[in-house]
């Protein structure tokens, strides 16, 4: 009887953002039984806003970034201080909104894939799962900010990706940027999490995770290709 009560208590515990880093398997079970949304979303939004605001501040005070921005503006007259304020403001606003919207969009497509593959998961569970996965993106951002400020790296290239060590341009540069430590980590967590939360087989869960990575890689390649045309 006591063991049964302890088991139910364990299942009712709320998932932890930090737990996604140190004990993800335990968090998957908690998300499935108790898919929390509001508290992790608020915490992530505050952290993302602060981190992206800091990242934008470092960018606008980087001479290389300023030269690229002014060159891209062409003949348009820009007041540098005004440009800095707008860049930081817009970046901070984007950081604030990215967490709920990107998690919601990812949860929606995950839900579609889970249904197509005959898994069992409610939308709320998948939304909570995507929110908790976002902590990996924040960790990636923290590392990028630290490395960028410490080693004067190219802000347009993820510091923990292959693009930071293999010289490339255009679409290849974008593809190499997608082959990144934290992106791979997130893909692994997506696959292992869907096996628990959506009761999917290993193969089906990995199929969904790899599809998501491929979509991100394609967007990264296309974006980098267009940037190379504008350079």
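Residue numbers (UniProt numbering): 1 to 231. Just so you know, even glycine gets a beta-carbon here, dropped at the ideal spot from N, CA and C.
DSSP state of residue i mapped onto helix, strand, coil
i, result
"residue 13", "coil"
"residue 81", "helix"
"residue 117", "coil"
"residue 49", "helix"
"residue 198", "coil"
"residue 122", "coil"
"residue 168", "coil"
"residue 35", "coil"
"residue 100", "helix"
"residue 75", "Below a pLDDT of 50, predicted positions are generally treated as unreliable, and residue 75, at 49, falls in that range; no measurement from the model is reported."
"residue 4", "Caution applies to residue 4, whose pLDDT of 49 falls short of 50 and renders its modelled position unreliable; the model cannot decide the point."
"residue 18", "coil"
"residue 138", "helix"
"residue 155", "coil"
"residue 223", "helix"
"residue 23", "coil"
Bridge partners - residue i, DSSP secondary structure assignment
i, result
"residue 161", "180"
Alpha-carbon spacing of residue i relative to residue j, whole angstroms
i, j, result
"residue 145", "residue 195", "33 Å"
"residue 181", "residue 217", "13 Å"
"residue 206", "residue 192", "8 Å"
"residue 103", "residue 154", "27 Å"
"residue 227", "residue 170", "7 Å"
"residue 55", "residue 204", "37 Å"
"residue 213", "residue 147", "24 Å"
"residue 39", "residue 80", "38 Å"
"residue 215", "residue 151", "30 Å"
"residue 37", "residue 117", "25 Å"
"residue 172", "residue 85", "33 Å"
"residue 201", "residue 183", "22 Å"
"residue 157", "residue 22", "27 Å"
"residue 41", "residue 112", "22 Å"
"residue 27", "residue 229", "44 Å"
"residue 15", "residue 166", "38 Å"
Proximity below 8 Å, CB of residue i to CB of residue j
i, j, result
"residue 237", "residue 47", "Past the boundaries of the shown model lies residue 237; the chain is included only from 1 to 231, so the question cannot be answered."
"residue 31", "residue 129", "yes"
"residue 197", "residue 107", "no"
"residue 126", "residue 110", "yes"
"residue 136", "residue 186", "yes"
"residue 89", "residue 199", "no"
"residue 114", "residue 87", "no"
"residue 99", "residue 44", "yes"
"residue 49", "residue 82", "no"
"residue 149", "residue 58", "yes"
"residue 176", "residue 159", "no"
"residue 25", "residue 12", "no"
"residue 220", "residue 168", "no"
"residue 223", "residue 174", "yes"
Proximity test, Cβ basis, 8 Å: residue i and chain C
i, result
"residue 118", "Among the chains in the structure shown there is no chain C, since it carries only a single protein chain."
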